[in-house]
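K.L.:
Take this structure first; my questions come after.
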Amino acid sequence: MQIIALITDRPKNDFYSSAVKGRLLSAVADAQFFEISERMPMHQVETAAFMLKYLYMNFPENTIFIIGIKSEATNDHPIVIIEKNKRFFIGADSGLFSLALDYADKLLVVNPELYRTNTMFLELSLFPELAAAISSTGFPEHLGTAAKTLNKCSQFLPVVENNAISGKIIYIDAYKNAITNIDKKLFEETGKGRRFEITIQTNRNKITTINTSYSQSSLGDLLAIFNHINLLEIATYESPAAELLSLNLSSAVRVLFFNEVPKTDNPNLF
648 MQIIALITDR PKNDFYSSAV KGRLLSAVAD AQFFEISERM PMHQVETAAF MLKYLYMNFP
708 ENTIFIIGIK SEATNDHPIV IIEKNKRFFI GADSGLFSLA LDYADKLLVV NPELYRTNTM
768 FLELSLFPEL AAAISSTGFP EHLGTAAKTL NKCSQFLPVV ENNAISGKII YIDAYKNAIT
828 NIDKKLFEET GKGRRFEITI QTNRNKITTI NTSYSQSSLG DLLAIFNHIN LLEIATYESP
888 AAELLSLNLS SAVRVLFFNE VPKTDNPNLF
């Protein structure tokens with residue numbers, strides 16, 4: 648059985664999604680599909696990278712991940728096959744993979760002659776054949792040219808300047824908690840224990856403490872917490888924060904640190 652995980656911004660029952668799955672079954676007869684992204688917003692590279700980064704290691708070794716977001720090949724964003732931690736990835740090297748994987752154990756730029764005559768819908772015309780090659784032979788070095796580094800997309804990363812971190816919302820979960828692209832390590836390295844203020848989209852929404860659990864706040868209170876994957880999350884206790892604050896993907900989140908020396912080791916923690 649070959650597990651194939653699909654990350655796409657097409658609806659699950661969309662005509663195109665069904666065509667891709669049919670072609671994959673024709674190419675890989677024992678394929679078992681897992682759709683990671685039924686509710687993926689369209690064209691959101693950050694959200695797709697977030698999901699891939701924090702989910703892929705939960706899948707068995709030899710799983711093939713097909714990325715159908717911004718999958719059109721260009722000279723700057725060629726189609727690549729990646730092996731990382733004994734999992735395989737197929738998609739355009741648009742910057743998504745560097746966000747999700749940091750680096751590749753093996754990286755292959757697929758020979759463009761394999762898709763030069765049909766570049767519009769590569770999830771259908773090319774990716775199934777690449778998946779079949781991986782399933783039957785492992786990393787298919789014969790299909791392209793080895794490379795060393797993934798394309799970077801710095802515009803998707805939080806920005807540190809002076810005494811502030813500027814980030815954004817990259818995922819809104821089923822509880823309407825808003826997850827940012829600011830991780831705990833960056834927060835602590837930039838803040839160095841200083842007092843801080845988190846502004847969420849507007850100056851009306853400010854937080855000056857970090858919870859260690861949701862229940863430390865009262866019902867409906869706005870809170871910030873580092874979640875189980877150490878990303879800064881904006882929530883309201885047992886209430887839908889994203890709806891109440893009108894947050895969406897790419898809503899701005901800014902952390903400002905103040906220069907005075909705190910009086911205790913962790914003045915901002917409960």
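The sequence shown begins at 648 in our numbering and counts up one residue at a time. The beta carbon of each residue, even a glycine, is placed where N, CA and C say it ideally should be.
Considering L755, what are the terminal residues of the beta strand (DSSP E) in which it resides?
P.N.:
753-757 is the span of the beta strand (DSSP E), which, as asked, contains L755.
K.L.:
Measuring alpha carbon to alpha carbon, tell me which of E760, M767, I737 ends up nearest L754.
P.N.:
Closest option to L754, Cα to Cα, is I737.
K.L.:
Going by alpha carbons, who is nearest to S664 out of N852, A696, I713, A676?
P.N.:
When only C-alpha atoms are compared, the closest one is I713.
K.L.:
Can you pull the DSSP bridge partners for I714?
P.N.:
In the DSSP output, where bridge partners are listed per residue, I714 has I654.
K.L.:
Run through the DSSP bridge pairs and tell me what F873 is partnered with.
P.N.:
Paired residue(s): L879.
K.L.:
Taking one C-beta from the stretch 873-890 and one from the stretch 781-796 each time, how about it: are there three or more such pairs within less than 8 angstroms?
P.N.:
The answer is no - the stretch 781-796 does not touch the stretch 873-890, with fewer than three Cβ pairs under 8 angstroms.
K.L.:
Quick one: Cα of I650 to Cα of K668, how far?
P.N.:
If I take the Cα positions, the gap works out to 12 angstroms.
K.L.:
Taking the alpha-carbon positions, what's the L878 to I829 distance?
P.N.:
In a straight line, the C-alpha of L878 is about 6 angstroms away from that of I829.
K.L.:
Can the beta-carbon of L671 be found closer than 8 angstroms to that of I728?
P.N.:
Cβ distance not < 8 angstroms, so L671 and I728 don't count as in contact.
K.L.:
Sort out for me which residues DSSP pairs E844 with in a bridge.
P.N.:
DSSP output for E844 lists L903 as bridge partner(s).
K.L.:
Using a Cβ-Cβ cut-off of 7 angstroms (strictly less than) and excluding sequence neighbours within five positions of A780, which residues of its own chain qualify?
P.N.:
Excluding positions up to five away in sequence, the list reads P787, L790.
K.L.:
Do you know offhand how far E844's Cα is from T766's?
P.N.:
Using only the alpha carbons, I get a separation of about 47 angstroms.
K.L.:
Suppose contacts are defined by Cβ-Cβ distances below 8 angstroms. Is Q863 in contact with L894 by that definition?
P.N.:
No, they are not a contact pair.
K.L.:
In this structure, does DSSP put R763 in helix, strand or coil?
P.N.:
In this structure, R763 counts as coil in the three-state DSSP scheme.
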